[in-house]
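Before any comments, here is the structure.
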Amino acid sequence: MMIEKKMIQLDKVSFSYESGRPILQDLSLHIHKGESVGLIGANGAGKSTILKLMLGLLTPQSGTVRVDGLDMNKENIATIRRKLGFVLQNSDNQLFLPTVEEDMMFAPLNYGMDREEAEKKVDEVLEQLNLTELKYRHNHRISGGEKRMAAIATILVMEPEAVLMDEPSAALDPCNRRTVIDTIRSMDQTRLITSHDLDMILDTCERVILLDKGRIVADGKTEEILRDKELLEAHRMELPFCFAGSRY
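Just so we're on the same page, the numbering used here is the position in the sequence shown counted from 1, plus 1.
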């Protein structure tokens, strides 16, 4: 029997921004390499905090965070961040140079890739995502959906082993939302996606983790959890639209 390798682990992690007001309480979760996992929960459940802990932007008060077997600490954080890509909810916070190409080139060049290799990689990713026409476009002149795709491209050009996404379908029209969903489904990387868009989670994730008040209340197959009206409503969520009229 093949043993699945864990890409991301949180073991008995507790975290609070203010003393006496815990956000996460003795939380443990793991994500295997190659999995696509949806992290869902109402506002304040702790989703964004978990992403920040995985990236080393926050330090837990107790417990451990590991990425690809490496403990999150000062010695390992640079290596860990090379393994993880983070797509922000607001693409304007991720695109800060004049053109899409310049934004995509920024990280590879700063990590020591030579310009010719970086340019080749940019072209490969743009072609993979059907975004070649955006290469020389100015970021302030492209649509919200195009910005979201450009933000994903800036992450994929670094060839991360895992991609973390915070509300990737937020504020997109139906066409751009479908493009983002298709892109997520085509990725080979481990994916962790936080979202209130449960129909998108259903389309992109094989497994769902449901959080409430800093604790995991369900962890299992996506369809089983997202069909459970009683479970979702007990934790301040609603059925996906595609199941809302179903008796099952």
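We put the CB at the ideal spot given by N, CA and C, even for glycine.
No experiment lies behind these values; they were computed from the predicted model shown.
Straight-line gap, residue i to residue j (C-alpha atoms, nearest Å)
{"i": "Arg83", "j": "Asp183", "result": "25 Å"}
{"i": "Asn77", "j": "Leu30", "result": "20 Å"}
{"i": "Glu250", "j": "Asp220", "result": "Any question about residue 250 goes unanswered here, given that the chain covers just 2 to 249."}
{"i": "Pro241", "j": "Leu227", "result": "7 Å"}
{"i": "Ala43", "j": "Tyr112", "result": "37 Å"}
{"i": "Asp229", "j": "Val66", "result": "30 Å"}
{"i": "Gln26", "j": "Leu52", "result": "15 Å"}
{"i": "Val1", "j": "Ala245", "result": "The requested residue 1 does not occur in the structure, where the chain is confined to residues 2 to 249."}
{"i": "Leu110", "j": "Ala235", "result": "48 Å"}
{"i": "Met2", "j": "Phe107", "result": "For Met2, the pLDDT reaches just 42, beneath the cut-off of 50, and the residue's location in the model is therefore unreliable, although a value from the coordinates is still provided. If you take the alpha carbons of Met2 and Phe107, they lie about 42 Å apart."}
{"i": "Asp93", "j": "Ile185", "result": "20 Å"}
{"i": "Met8", "j": "Asp189", "result": "13 Å"}
{"i": "Glu118", "j": "Asp124", "result": "10 Å"}
{"i": "Leu233", "j": "Glu102", "result": "42 Å"}
{"i": "Leu11", "j": "Ile202", "result": "22 Å"}
{"i": "Thr180", "j": "Glu128", "result": "14 Å"}
{"i": "Leu135", "j": "His141", "result": "12 Å"}
{"i": "Pro175", "j": "Lys75", "result": "42 Å"}
{"i": "Ile24", "j": "Thr191", "result": "25 Å"}
{"i": "Cys243", "j": "Met114", "result": "45 Å"}
Alpha helix (DSSP H) segment containing residue i, residue limits
{"i": "Met114", "result": "Note, Met114: premise wrong, no alpha helix (DSSP H); not H, not E."}
{"i": "Thr195", "result": "That residue, Thr195, is in no alpha helix (DSSP H); its beta strand (DSSP E) goes 191–195."}
{"i": "Lys48", "result": "48–55"}
{"i": "Phe186", "result": "Reading off the sequence, residue 186 comes out as Arg, not Phe. Residues 175–187."}
{"i": "Asp204", "result": "199–205"}
{"i": "Leu227", "result": "223–227"}
Opening and closing residue of the beta strand (DSSP E) in which residue i lies
{"i": "Ile143", "result": "Segment: none, Ile143 is in no beta strand (DSSP E) and carries neither H nor E."}
{"i": "Arg67", "result": "63–68"}
{"i": "Met166", "result": "163–167"}
{"i": "Leu85", "result": "85–88"}
{"i": "Glu234", "result": "No beta strand (DSSP E) holds Glu234; the alpha helix (DSSP H) holding it covers 230–235."}
{"i": "Gly42", "result": "Counting along the chain, Gly42 falls outside any beta strand (DSSP E), and DSSP gives it neither H nor E."}
{"i": "Phe97", "result": "Counting along the chain, Phe97 falls outside any beta strand (DSSP E), and DSSP gives it neither H nor E."}
{"i": "Phe242", "result": "From DSSP, Phe242 is part of no beta strand (DSSP E); its letter is neither H nor E."}
{"i": "Arg75", "result": "One point to set straight first is that residue 75 is Lys, not Arg, in the sequence displayed. Unbroken run through Lys75: none, as it is neither H nor E."}
{"i": "Ser17", "result": "7–19"}
{"i": "Ser29", "result": "22–33"}
{"i": "Leu130", "result": "Neither: Leu130 is in no beta strand (DSSP E) and is coded neither H nor E."}
{"i": "Asp213", "result": "208–213"}
Outcome for residue i when other beta-carbon atoms lying within 10 angstroms are tallied against a minimum of 16
{"i": "Thr195", "result": "buried"}
{"i": "Thr155", "result": "buried"}
{"i": "Phe97", "result": "exposed"}
{"i": "Ala163", "result": "buried"}
{"i": "Arg116", "result": "exposed"}
{"i": "Ser20", "result": "exposed"}
{"i": "Leu58", "result": "exposed"}
{"i": "Ala152", "result": "buried"}
{"i": "Ala46", "result": "buried"}
{"i": "Thr60", "result": "exposed"}
{"i": "Tyr249", "result": "Bear in mind that a pLDDT of 44 at Tyr249, under 50, signals an unreliable position, so the number given afterwards is only what the model happens to contain. When all chains shown are included, Tyr249 counts as exposed."}
{"i": "Thr80", "result": "exposed"}
{"i": "Leu198", "result": "What sits at residue 198 in the sequence shown is Asp, not Leu. Flag for Asp198 reads buried."}
{"i": "Thr133", "result": "exposed"}
Distance between beta carbons of residue j and residue i, contact taken as under 8 Å
{"i": "Glu168", "j": "Gln95", "result": "With a Cβ gap of about 13 Å, Glu168 and Gln95 do not count as contacting."}
{"i": "Leu193", "j": "Val38", "result": "5 Å"}
{"i": "Met150", "j": "Leu165", "result": "With 8 Å as the limit, Met150 and Leu165 do not qualify as a contact, their Cβ atoms being about 17 Å apart."}
{"i": "Phe16", "j": "Leu54", "result": "7 Å"}
{"i": "Leu28", "j": "Arg216", "result": "7 Å"}
{"i": "Thr212", "j": "Lys13", "result": "Checking the sequence shown, residue 212 turns out to be Leu, not Thr. Not a contact, Cβ separation roughly 16 Å."}
Within-8 Å CB hit, residue i to chain D
{"i": "Ile182", "result": "Reference to chain D is not applicable here, since this structure consists of a single protein chain."}
Any non-hydrogen atom of the ligand NAD within 7 Å of residue i CB
{"i": "Ala171", "result": "This structure simply doesn't include the ligand NAD, nor any ligand for that matter."}
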